[in-house]
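Order-wise, the sequence lines are chains V and X. This note's numbering numbers the first residue of the first sequence as 31 and each following residue consecutively. This note's numbering numbers the first residue of the second sequence as 37 and each following residue consecutively. Think of the CB as a built atom: it goes at the ideal place given N, C-alpha and C, for glycine as much as any other residue. Values in this document were obtained by computation on a predicted structure and should not be read as measured data. Single-structure report; data block below.
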Amino acid sequence: MNSVIVSNTVRFIVLVLLQVLLLNNINFLGYINPYLYVMFLVLYPFNGNQTLFLILSFLLGLGVDIFEDSGGINAAACLVAAYIRPTVLRFSFGVSYDYQTIKFSSTPAGSRISYVAILVLVHHFVLFLLEFFNFAHFLLLVKKTFFSGLFTILLIFLTLALFSRKSK
Amino acid sequence: MQQIINFLIRNKNNLLFLLLLGFSLFLTIQSHSYQKSKFISSANFLSGGIYSWTSNINSYFSLEEYNLRLLEENERLRSRLSTYEDSLEIKTYVDTTYAEGNYIFRASEVINNNYAKVDNYLTLKSGARDGVERDMGVITSRGIVGIIENVSPNFSTVISILNSNSRINAQLKESNHFGSLTWNGKDPNHVQLTDIPSVAPVSVGDTIITGGRSLIFPKGIPIGRIEDFSLDQSESFFNISVELFNDMTNIGYVYIIENTQQEEIRRLQNLTEDE
């Protein structure tokens, strides 16, 4: 249990710093940025306390917001993603989630991709919706969500492949 | 009472979600209103410290570019100085319409700059201890950057001209017709100048400068070049697309402008409005 707390704390801090110091400056093709810090929400223990999870994801988003001067848009996006995570888990992993027996690394690839993709796209949609703050640029909003989301999903799976333990 | 407590415990996640969502939306809405100063900004001890630490490393990679810019600016100032000294011999009176003496310039370093969002801010490495205050103007040697918004003891945040809330008074260099400079959130090299009356002599390539009507910027600081223009629907005003002189994606050092008479002018204006 202790190692779970330590690894999640380290992940929290490293992801926020990586996001604000490096990834926010990518601006690929002018507007595409990956939001890798969503990975914290993806990897948070599936059987962890949901109340604590909501608070932590709010703080995660707020941490990024402080650096970005963006009000509370990241906090709100993280919170929404964290709130719907149990539903997404049940949708993607089916029954095995209800019995809380699954580990992220030992799930089938298809359901893993759908889980990450739904979480990332919901997060990005809320994020950009609040950033634009109106529906006038709806097409740009969808475009930005899609491309940034694709970038983030790709980066999450790359990072997972890079840091996965080969102790099987 | 028991039922209420049971209800609260049963729905604690939903209630917590709504509470935190409400708070973050409050912060978001607050960040969209320009006049209020924010609770949460990057001009604080922690994020300012981390940003200045990374910019210490980053700035080494651009030293050559910054040197070239300084040389360019020195060259321009020297040539102006020489013409000024020449004219001194003939002209001994003080030109009171040219109020440049009322402005104090302070150099500062940009430690964080964003330009890809709809509302962009910069963070500077000087704050209240260096005499920086809210509503001071920020420029580079090439053009304007923005206006100081939040100030902490050592850092300050700047609302960039690349921000949908930003409105800056600007005018044509050729004539005195003025309008306001806004940004549509798309291209960091182009801003929009609106409210220029259709009688104004507008042509592609003309220079746009700051107008003297705001108390923030001195008159005549270059902003950009007219790239394209069209009449709006009522056909009485121009919508002008302005290409910035400044490369907003690459700003290293800036000048903060303090207008020493700002307070006096503002007091006078308030007095006049009250009557």
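Asked, Found
"Does the region 96–103 of chain V come close enough to the region 177–184 of chain V to have 3 or more Cβ pairs within less than 8 angstroms?", "no"
"Could you check how far apart the C-beta atoms of Ile259(X) and Ala206(X) are, in whole angstroms? I think they sit under 8 angstroms.", "6 angstroms"
"May I ask you to report which of helix, strand or coil DSSP gives Leu51(X)?", "helix"
"What are the complete beta strand (DSSP E) segments, minimum 3 residues, inside the region 40–78 of chain V?", "none"
"Can you find a C-beta in chain X that's less than 7 angstroms from the C-beta of Leu53(V)?", "no"
"Could you confirm whether any beta carbon from chain V is found closer than 7 angstroms to the beta carbon of Asp131(X)?", "No answer about Asp131(X) holds up, because its pLDDT of 47 lies below 50 and its placement is not dependable."
"Go ahead and pull the three-state DSSP assignment for Thr137(V).", "coil"
"Buried or exposed: Glu161(V), going by 16 or more other Cβ atoms within 10 Å of its Cβ?", "buried"
"In whole angstroms, what is the alpha-carbon distance linking Asn80(X) and Pro237(X)?", "46 angstroms"
"In chain order, what residues of the region 75–88 of chain V put their CB closer than 8 angstroms to some CB of chain X?", "Gln80, Thr81, Leu84, Ile85 and Phe88"
"With C-beta atoms as the reference, is Leu51(V) less than 7 angstroms away from Thr90(X)?", "yes"
"Within a Cβ cutoff of 7 angstroms, which residues of the same chain sit near Glu299(X), ignoring the five residues on either side of it in sequence?", "none"
"Answer with yes or no whether the minimum CB distance from Leu280(X) to chain V is below 7 angstroms.", "no"
"Any idea which residues DSSP pairs Asn148(X) with across the strands?", "Thr159(X)"
"Under DSSP, the beta strand (DSSP E) around Arg261(X) begins and ends at which residues?", "Pro258 to Leu267"
"For Pro254(X), does the count of other Cβ atoms within 10 angstroms reach 16, so buried, or fall short, so exposed?", "buried"
"Can we say the region 145–164 of chain X touches the region 188–208 of chain X, given the rule of at least three CB pairs closer than 8 angstroms?", "yes"
"Between Asn57(V) and chain X, is any beta-carbon pair separated by less than 7 angstroms?", "yes"
"For the alpha helix (DSSP H) containing Ala79(X), name the first residue and the last one.", "Unbroken run through Ala79(X): none, as it is neither H nor E."
"Under 7 angstroms between C-beta atoms, does Ser197(V) make it to chain X?", "Residue confidence is low: Ser197(V) scores 46 on pLDDT, short of 50, so the model does not pin down where it sits. No coordinate-derived value is stated."
"Whose C-alpha, out of Phe165(V), Lys174(V) and Leu149(V), is nearest the C-alpha of Leu73(V)?", "Leu149(V)"
"Work out the CA separation of Arg115(V) and Arg46(X) for me, nearest whole Å.", "18 angstroms"
"Buried or exposed, going by whether 16 or more other CB atoms sit within 10 Å of the CB of Asp310(X)?", "exposed"
"Run down chain V in chain order and give the residues with a C-beta less than 7 angstroms from the C-beta of Phe53(X).", "Leu84, Leu109 and Tyr113"
"Within 10 Å of its beta-carbon, does Glu169(X) have 16 or more other beta-carbons around it, so buried, or fewer, so exposed?", "exposed"
"Where do the ends of the alpha helix (DSSP H) carrying Gln95(V) lie?", "Note on identity: in this sequence residue 95(V) is Asp, with Gln being the wrong assignment. Counting along the chain, the alpha helix (DSSP H) containing Asp95(V) begins and ends at Gln80 to Glu98."
"For Asn149(X), count neighbouring C-beta atoms within 10 Å of its own C-beta (all shown protein chains included) and say buried if the count is 16 or more, exposed if not.", "buried"
"Interface residues of chain X around His103(V) at Cβ under 7 angstroms?", "With the sequence shown as reference, residue 103(V) is identified as Ile, and His is not the correct amino acid for it. What Ile103(V) touches in chain X: Thr64."
"Checking contacts by CB at 7 angstroms: is Thr119(X) closer than that to chain V?", "no"
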